[in-house]
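Novice:
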Amino acid sequence: LAPAYDVTHAYRPGSVWTERHLMSVNGRYDGITLADLYAVGERHDVPGYRRVVREVRAAVDDWPAFAAEAAVPAAATATIAADITAVRPA
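Numbering (my numbering) for the sequence shown: 1335 to 1424.
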């Protein structure tokens, strides 16, 4: 279900294509919350959905380490980290 676009940083404020998610989560494109993720997991009987959400959040939290290992330039690392923080479900 997740094409490379979904795992590639493609954010540009003001862009019709990359300013927000193009696939909804629980009917929302913006302001997606943990409750939205959990609602989808429950609705579709996804086994272990809460664990999966925890594991994905932990992996995303490790972005700076992944970026360093991949030799991503510091400015790009910081920009992407800020974007991750801005859209991270509460």
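Glycine residues also receive a C-beta, built at the ideal position from the N, C-alpha and C atoms.
Using the Cβ count rule (16 or more neighbours within 10 Å means buried), how would you classify Leu1371?
Specialist: So Leu1371 ends up on the buried side.
Novice: Do you know offhand how far Val1316's Cα is from Ser1349's?
Specialist: No answer is possible for residue 1316: the residues shown for the chain start at 1335 and end at 1424.
Novice: Please specify which runs of the alpha helix (DSSP H), each continuous and at least 4 residues long, are wholly inside the segment 1370-1398, giving them in chain order.
Specialist: Segments of the alpha helix (DSSP H) lying fully in the segment 1370-1398: 1383-1395.
Novice: Using only alpha-carbon positions, find the residue among Ile1414, Thr1419, Ala1415, Gly1375 that is nearest to Val1359.
Specialist: That would be Gly1375, whose Cα lies nearest to the Cα of Val1359.
Novice: To the nearest whole angstrom, what separates the beta carbons of Ala1420 and Thr1367, a pair I think is in contact under 8 Å?
Specialist: Incorrect: roughly 14 Å between the Cβ atoms, too far for contact.
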